[in-house]
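Please read the structure below before turning to the comments.
Number of protein chains: 2
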Amino acid sequence: MSPEAPGFCHGAPPRGTPAAPEQALEWLDATTAALAGEDVAVAAAHGRVLARPVHADVPLPATALAGCNGYAVHARATTGAGSYSPLRLRLRAGGRAALAVDEAVAVASGVPLPEGSDGVLPRDEAEAFGPALEVYGAVAAGEHVVAPGAEAAAGDAVLVAGRRLRAHDLSQLVAVGLEAVTVVRRPRVRLVAAPGSALAAGDAAGVMLEVLVGRDGGLVEGRGFATDGAALDGLMAAPGADLTLVYGGSGDGDGDFAGAALGRGGALEIHGVAINPGETVGLGRCAGRPVMLLPGAPLACLCAYEFLAGRAVRRLAGGGGDWPYAVRRATLRRKVASRLGRLEFCRVRLEEDGAIPLAVSDGRLLASAVAAEGFVVIPLHSEGYPEGTEVRVHVYQ
Amino acid sequence: MSPEAPGFCHGAPPRGTPAAPEQALEWLDATTAALAGEDVAVAAAHGRVLARPVHADVPLPATALAGCNGYAVHARATTGAGSYSPLRLRLRAGGRAALAVDEAVAVASGVPLPEGSDGVLPRDEAEAFGPALEVYGAVAAGEHVVAPGAEAAAGDAVLVAGRRLRAHDLSQLVAVGLEAVTVVRRPRVRLVAAPGSALAAGDAAGVMLEVLVGRDGGLVEGRGFATDGAALDGLMAAPGADLTLVYGGSGDGDGDFAGAALGRGGALEIHGVAINPGETVGLGRCAGRPVMLLPGAPLACLCAYEFLAGRAVRRLAGGGGDWPYAVRRATLRRKVASRLGRLEFCRVRLEEDGAIPLAVSDGRLLASAVAAEGFVVIPLHSEGYPEGTEVRVHVYQ
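Okay, structure coming up:
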């Protein structure tokens, strides 16, 4: 066999010292930034990131609201009322028609007050007897009332740019009268499977990547299967994607198929990062857009996605790049050994306040992630942690 | 005005002592259980709950895999190798063709080994010089190899019933050769807006409910606006929904429109629950299916949804009912007062390890939830917490 045989010199894992994780993150942060804004209907804006702040055009609330469950009254009509000296008011049906001084109307917290009322008598301080309300306490004008503009004056910022919209933020947008908002465009992500023995069993990595890209705010623009180098070249160079993720064919024993293609059609700027699993990841550019090469083996693909590609998707979508996982503190129930010079992902099971390590560098099996409730990151320059160490567990959702 | 005037006797908030939160949860748990299973494609099963366990038909992995990044070898060919006594092997291109005893091939963790190889030499213990691999260490047979069946033997359960499928679970399902899985059917949830002054400003609650129902695994089957009692009766009784959520028109000062309709067309079993905000919530049944009446004011609607309706959706979808929020421990930076006899939701901002309470019972404004990072639950029989108390914060996503 000659050293010029195809694939030979690209035999993976990539040679040389892998890049430091910090260096890969710097490359990534320099390469990805929030895309431009687009207008979408408020109802479709959940999870999107505001590209511009939202201001209230009108005061919020526009009219006075009840501040508790109870009865809207004219405050002065309750003066002197007490448990031993109750007063009586006429209990009127609902609606916002002007309230007479001797009337009261049942209101729930948060609803607009009828005209004329300027106080809300808490429910405990009155009792209804047919058409009459017996009043056992006095309220001052403005008491238990949310004044117009209490949430925001006209012109105030209701939500700032960069805000990832939650379900109840959408309510607030409707309340200020908006029908559409300007949010960061969702990054179009192309998924390309490159031939590799890790893909032989089915597209196990692709199905996972599609979900993760969506979770991080991306839109899978297409899924391609590159059966040869020319197909891969074409898929990396074709317009329409903001980010291309090639999985498999990178340092997986089948020749560095993906790395060679990116080197040929664009630039492979970092190949190999000191993370484990996921070390064979590659970062580069093609046709002016970022391309990432991910391992095809599902666990390595997961870790490389989490550490690098997911951050790219979240940054393009306008987010800060942080992991979307909740963090829980737990105490290691067994020691964890880690390889010096590798940032390692240790999957753990959670048991009350304890974290039971499942696997680190020997955890090449996806089963360790399936069995885990989350993972602990062991820094580059650590050899691991003894039993009893308090660790931060990133909890899978 | 006569006591028989429409809406009068239904003047809200609902009368009498509200039900204990525990009692409402018991009603809910007795009324809702996981729906039947349905088959869906693995790629569409993210977030769904397995209705049946998944077994491996074949051993997993089916063939031996590399257990680390390195070089697949015949273990016996490395016997005696050391840093001072290196051995040489021929470095072959990738692929799974049978490996000769004097050959090595680069492999990444997790990929199938070529025929004949029975050990993986970690990358650090060898160095490639053109077509030759210099070997600085010995491996034993089976070392750094994932044996066939190491993840699961044929017939083993790979995932148990009740599992909410994560992104990487889907990978594992593909790896065991499945194309479809049996998951709990998504509950069809009907959203109905009932007339009420809280809805005057726009459907602020509806847009939020639609997102929350989706988050909890439900499918919004339709959104209706009931402009009168007959329309509401019709929407509650019509087939096609597993759960109906009526919002507005329940104890909001406009007459107990929704409660009256449910009492007429079905059964209003609990009206008023000792939670704040959200006290006017109602629970009942119509045409054999659960119906919940939620307040129309967005904050009260949010809390009532979170405490009761969301749990119903999650249970119907096969989940355990727990909140989908991460919990973070934090120290109260200010005291929180709470009303005895009400389970209260206190929105808080998070600042390092501190939680700054924004509002409890006076927090009738949605702005407090928009400004908050999460909330603290203050139990029924508590009058609140002093500054410095360690609390559990449910963090909004």
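Protein sequence lines, in the order shown, are assigned to chains A and B.
Heads up, my numbering is the position in the first sequence plus 4, with the first residue counted as 1.
Heads up, my numbering is the position in the second sequence plus 4, with the first residue counted as 1.
Don't be surprised by glycine CBs; every beta carbon is placed ideally from N, CA and C.
Query                                                                                                                     : Result
Any C-beta of chain B under 9 Å from that of M212 (chain A)                                                               : yes
Member of B:V180, B:R219, B:E183, B:S87 whose CA lies at the smallest distance from the CA of V139 (chain B)              : B:S87
Euclidean distance between Cα positions of E283 (chain A) and A304 (chain A)                                              : 8 Å
Interfacial residues, the segment 25 to 57 of chain B to chain A, with Cβ spacing under 7 Å                               : V46, A47, H50
Length at least 3, wholly inside the segment 144 to 225 of chain B: the beta strand (DSSP E) runs in chain order          : 161 to 163, 184 to 188, 192 to 197
Cross-chain neighbours of V178 (chain B) in chain A, by beta carbon under 8 Å                                             : A205, G206, D207, A208, V211
Contact between the segment 162 to 177 of chain A and the segment 80 to 94 of chain A (3+ Cβ pairs under 8 Å)             : no
Straight-line gap, D258 (chain A) to F311 (chain A) (C-alpha atoms, nearest Å)                                            : Low confidence applies to D258 (chain A): its pLDDT is 48, below 50, so where it sits in the model is not reliable, and the reading given next is rough at best. Their backbone Cα atoms lie some 24 Å apart in a straight line.
Helix, strand or coil at S1 (chain B) according to DSSP, with G and I counted as helix                                    : Residue 1 (chain B) lies beyond the range of chain B shown here (5 to 401); nothing can be said about it.
8 Å contact criterion, which P65 (chain B) and E155 (chain B) should meet: CB distance rounded                            : 6 Å
Every unbroken alpha helix (DSSP H) within the segment 16 to 74 of chain A, with a cutoff of 4 residues, ordered by chain : 25 to 35
Residues bridged to T248 (chain A) (per DSSP)                                                                             : A:R194, A:V295
Local Cβ density within 10 Å of L164 (chain B), reported as buried at 16 or more and exposed below that                   : Here residue 164 (chain B) turns out to be Val, not Leu, going by the sequence shown. So V164 (chain B) counts as exposed.
Distance, D260 (chain B) Cα to E119 (chain A) Cα                                                                          : 20 Å
Residue span of the beta strand (DSSP E) that contains R96 (chain B), given as start and end                              : 91 to 96
Alpha-carbon spacing of S175 (chain B) relative to G286 (chain A), whole angstroms                                        : 22 Å
CB-CB length for P328 (chain B) against A209 (chain B), believed under 8 Å                                                : That belief does not hold up - the Cβ atoms of P328 (chain B) and A209 (chain B) are roughly 19 Å apart, past 8 Å.
Nearest-angstrom Cβ-Cβ length linking L39 (chain B) and V188 (chain B), presumed shorter than 8 Å                         : 6 Å
For E348 (chain B), the three-state DSSP class (helix, strand or coil)                                                    : strand
Whether E225 (chain A) touches R192 (chain A) by CB criterion (9 Å)                                                       : yes
Beta-carbon proximity list for D246 (chain A), same chain, < 6 Å, skipping 5 on both sides                                : P191, R192, L320
8 Å Cβ shell around E183 (chain B) - same chain, five flanking residues per side excluded                                 : A45, V46
Cross-chain neighbours of Y400 (chain A) in chain B, by beta carbon under 7 Å                                             : R170
Chain B contact for T393 (chain A) (CB, 9 Å cutoff)                                                                       : no
Closer than 8 Å at the beta carbon, the chain B residues around P281 (chain A)                                            : S113, G114
Contact belief for D122 (chain B) with A145 (chain B) at Cβ below 8 Å, rounded distance in angstroms                      : 5 Å
Inter-residue spacing [alpha-carbon to alpha-carbon] between A85 (chain B) and V143 (chain B)                             : 9 Å
Beta-carbon neighbours of E129 (chain A), restricted to chain C and to distances below 7 Å                                : No chain C is part of this structure, whose protein chains are labelled A and B.
P361 (chain A), buried or exposed, once every other Cβ within 10 Å from all chains shown has been counted against 16      : buried
I279 (chain B) versus A313 (chain B) - alpha carbon distance                                                              : 13 Å
Min CB distance D173 (chain B) to chain A below 9 Å                                                                       : yes
Straight-line Cα distance separating N73 (chain A) from S386 (chain A)                                                    : 57 Å
Local Cβ density within 10 Å of E107 (chain B), reported as buried at 16 or more and exposed below that                   : buried
Three-way DSSP call (helix, strand, coil) for P390 (chain B) in this model                                                : coil
Closest Cα partner of V352 (chain A) within the set A:L336, A:A264, A:L223                                                : A:L336
L306 (chain B), DSSP secondary structure in three states                                                                  : helix
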